[in-house]
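Each residue of the sequence shown is one higher than the last, beginning at 5 in the numbering used here. Note that beta-carbon positions come from the ideal geometry of N, C-alpha and C, so glycine has one too. Quick caveat, the model's predicted, so the values are computed rather than measured. The structure under discussion appears below in the form of structure tokens.
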Amino acid sequence: MTASNRNSRPAEAAPGEPGTERRKGNVTPNLEGARERLQALRAKLPPTAARIADFFMTHTAEVVHMSVTEVAERTGASEGSVISLCQQLGARGFQQVKIALARDLVQPVQFIHEDLARSDDTGTVIEKIFRSDLQALHDTMKVLDTKAMEAAVAAILKARRVELYGIGSAAPIAEDANYRLLRVGIEAKVVVDSHIQAISASLTGPDVAVITISHSGSTLETVAATKLAKEAGATTICITNFGKSPLLAHADIVLHTMARETQFRTEAMTSRIAQLAIIDALIACLSLATYDKALATIGKTFDVLSTKRF
Numbered sequence: 005m006t007a008s009n010r011n012s013r014p015a016e017a018a019p020g021e022p023g024t025e026r027r028k029g030n031v032t033p034n035l036e037g038a039r040e041r042l043q044a045l046r047a048k049l050p051p052t053a054a055r056i057a058d059f060f061m062t063h064t065a066e067v068v069h070m071s072v073t074e075v076a077e078r079t080g081a082s083e084g085s086v087i088s089l090c091q092q093l094g095a096r097g098f099q100q101v102k103i104a105l106a107r108d109l110v111q112p113v114q115f116i117h118e119d120l121a122r123s124d125d126t127g128t129v130i131e132k133i134f135r136s137d138l139q140a141l142h143d144t145m146k147v148l149d150t151k152a153m154e155a156a157v158a159a160i161l162k163a164r165r166v167e168l169y170g171i172g173s174a175a176p177i178a179e180d181a182n183y184r185l186l187r188v189g190i191e192a193k194v195v196v197d198s199h200i201q202a203i204s205a206s207l208t209g210p211d212v213a214v215i216t217i218s219h220s221g222s223t224l225e226t227v228a229a230t231k232l233a234k235e236a237g238a239t240t241i242c243i244t245n246f247g248k249s250p251l252l253a254h255a256d257i258v259l260h261t262m263a264r265e266t267q268f269r270t271e272a273m274t275s276r277i278a279q280l281a282i283i284d285a286l287i288a289c290l291s292l293a294t295y296d297k298a299l300a301t302i303g304k305t306f307d308v309l310s311t312k313r314f
């Protein structure tokens, strides 16, 4: 994703134009009937945008599970062209259009969790959620590349410090990873504010390893921060769901999760379990690689933390 695409803002439509409504002086998207809006817009579109619109309309069920990078590749277009079409519909970006298209395909309860039915009782909900989490762990273990994990360990051990980036549901995962790194004696810094991420990333360098956590790999803030860190010379390690996404263009090392959840939901759910498992495995590998130091630091911090308990 180019800087111009990242920083571009959708043009505000005039009052009364399809796809927008006025609310407290701001223009907010109203994307009901997204397929019909695409159809109405289709005749006036240039060739590339028309090709993307056709793909949205004929492959809707696939689109709601795809990233903007995958759509761009399938249509022979750029990510910027995909986003531009979405903005012409009145959306802020691709994610909003996916959600709008999904509303035409799925039951509303599936926005809570893919496996749920509205009539499920408590026992059934528990069973379905736990089965889904277990499946995410099993699938992630199969796709997680051992060589990539070894490369991540080597990069972290070589670095003077580690920076961790996460936004939204990825933020507590990044904070947990930061805590765990400190407990085994590795200097770490977690940044979950998007503005501070950008500043901090631009001030990294070859002696810094960056860990970015993003289920979709399409979150503007973390993609931008990772890009800035890579341009500054840092080694970038990304924990993200399997598949193509804008984040991968700026990743030196990728640790994949494999969560079956759909990507049209705005927040990750089952993938958080897989992300935590990857962090656990990474910390264990780092601890074994720095065995004496890790044990000494764990012992020292254990003594410190013991004063916090009765």
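Best match in the options for proximity to residue i [C-alpha to C-alpha]
i, options, result
"residue 280", "206, 243 and 301", "243"
"residue 52", "88, 63, 217 and 284", "88"
"residue 185", "197, 172 and 168", "168"
"residue 224", "236, 127, 121 and 83", "83"
"residue 36", "79, 76, 171 and 102", "102"
"residue 166", "208, 248 and 256", "208"
"residue 278", "290, 263 and 195", "263"
"residue 157", "259, 45, 301 and 300", "259"
"residue 70", "310, 284, 246 and 254", "246"
"residue 191", "108, 141, 287 and 202", "287"
"residue 261", "94, 40 and 144", "144"
"residue 199", "132, 218 and 170", "170"
"residue 300", "187, 226, 90 and 196", "187"
"residue 149", "226, 257, 304 and 58", "257"
"residue 226", "298, 201 and 296", "201"
"residue 172", "153, 152, 196 and 312", "196"
"residue 236", "203, 147, 176 and 125", "203"
"residue 309", "183, 222 and 152", "183"
"residue 93", "133, 128, 283 and 49", "49"
"residue 139", "193, 276, 222 and 161", "276"
"residue 98", "304, 179, 250 and 176", "250"
"residue 109", "90, 306 and 62", "62"
"residue 295", "307, 90, 161 and 146", "161"
Beta-bridge partners of residue i, as assigned by DSSP
i, result
"residue 107", "Residue 107 is not bridged to any residue."
"residue 245", "261"
"residue 166", "192 and 213"
"residue 239", "213"
Residue-level contact to chain D via CB, residue i, 8 Å cutoff
i, result
"residue 145", "Of the protein chains in the structure, only one exists, and it is not chain D."
Cβ-Cβ separation, residue j to residue i (assumed contact under 8 Å), whole Å
i, j, result
"residue 77", "residue 248", "7 Å"
"residue 211", "residue 181", "Not a contact, Cβ separation roughly 19 Å."
"residue 60", "residue 42", "6 Å"
"residue 213", "residue 159", "5 Å"
"residue 274", "residue 123", "Incorrect: roughly 22 Å between the Cβ atoms, too far for contact."
"residue 216", "residue 240", "7 Å"
"residue 64", "residue 96", "That pair is no contact at about 20 Å."
"residue 73", "residue 55", "So it is not a contact: roughly 16 Å between Cβ atoms."
"residue 105", "residue 67", "6 Å"
"residue 219", "residue 174", "7 Å"
"residue 297", "residue 189", "5 Å"
"residue 153", "residue 57", "In fact, because the Cβ distance is near 41 Å, the residues do not count as touching under 8 Å."
"residue 283", "residue 133", "Not confirmed; about 21 Å, so no contact."
"residue 221", "residue 252", "6 Å"
Quiz item: Residue ranges of each alpha helix (DSSP H) run of no fewer than 4 residues wholly in the stretch 186-236, ordered along the chain?
Solution: The stretch 186-236 contains, as complete alpha helix (DSSP H) runs of 4+ residues, the segments 198-206 and 224-235 (chain order).
Quiz item: Does the stretch 284-299 come close enough to the stretch 221-237 to have 3 or more Cβ pairs within less than 8 Å?
Solution: No: the two stretches stay apart, fewer than three of their Cβ pairs being nearer than 8 Å.
Quiz item: Of all the alpha helix (DSSP H) runs that stay within the bounds of the stretch 38-93, which reach a length of 4 or more residues?
Solution: DSSP runs (the alpha helix (DSSP H)) wholly in the stretch 38-93: 38-46, 51-62, 64-67, 72-79 and 83-92.
Self-check item: Unbroken stretches of the alpha helix (DSSP H), 4 residues or longer, contained in the stretch 121-163
Solution: When DSSP assignments are scanned along the stretch 121-163, the uninterrupted stretches of alpha helix (DSSP H) that are 4 or more residues long and fall wholly within it turn out to be 126-147 and 150-162.
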